[in-house]
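Residue numbers (our numbering): 169 to 286.
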Amino acid sequence: QVQLVESGGGLVQPGGSLRLSCTASTSLFTTYTMGWYRQAPGNQRELVATITSVGTTNYADSVKGRFTIARDNAKKTVYLQMNSLTPEDTAVYYCNAERSVYPRGNYWGKGTLVTVSS
Numbered sequence: 169q170v171q172l173v174e175s176g177g178g179l180v181q182p183g184g185s186l187r188l189s190c191t192a193s194t195s196l197f198t199t200y201t202m203g204w205y206r207q208a209p210g211n212q213r214e215l216v217a218t219i220t221s222v223g224t225t226n227y228a229d230s231v232k233g234r235f236t237i238a239r240d241n242a243k244k245t246v247y248l249q250m251n252s253l254t255p256e257d258t259a260v261y262y263c264n265a266e267r268s269v270y271p272r273g274n275y276w277g278k279g280t281l282v283t284v285s286s
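Structure (structure tokens):
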């Protein structure tokens with residue numbers, strides 16, 4: 169079982185920035201694809217960004233050019249730098265860890281709330 173602990177959420181004004189962090193409890197961190205997802209009230213959970221074990225990144229169109237995902241394998245931590253935030257970015261942000269080879273696994277953090285409001 170992999171534990172994921174997110175931090176960094178909060179209230180920010182439109183146009184502002186936040187950095188989310190997610191630390192994993194597994195010694196196999198380097199072999200996981202890490203991702204950030206978000207869920208706004210009344211909406212389904214959606215992909216924000218992912219980063220593979222070799223550093224390949226993928227972003228939702230809605231955040232391209234504004235958000236950056238990065239990982240620090242030594243710290244077993246994945247980050248999401250969010251710039252130029254808008255009220256539409258308001259959501260609970262969830263960290264995800266996925267490993268497609270043995271031992272397979274797909275794990276979620278409990279989420280951190282990001283509120284963009286003036």
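Idealized CB from N, CA, C, for every residue including glycine. Because the structure is a prediction, the values reported are computed rather than measured.
Here Q249 has R187, T236 as same chain residues with Cβ atoms under 6 angstroms from its own Cβ, once five neighbours each way along the sequence are excluded. DSSP lists C190 as the beta-bridge partner residues of E174. Judged by DSSP in its simplified three-state form, N211 adopts coil rather than helix or strand. Counted as a single uninterrupted DSSP element, the stretch harbouring Q169 is not any beta strand (DSSP E), since DSSP gives it neither H nor E.
In the DSSP assignment, D240 is bridged to T245. Counting C-beta pairs closer than 8 angstroms gives three or more between the segment 255-269 and the segment 188-199, which meets the contact rule. Beyond the five residues adjoining it in sequence on each side, Q171 comes within less than 6 angstroms, by CB distance, of S193 in the same chain, given in chain order.
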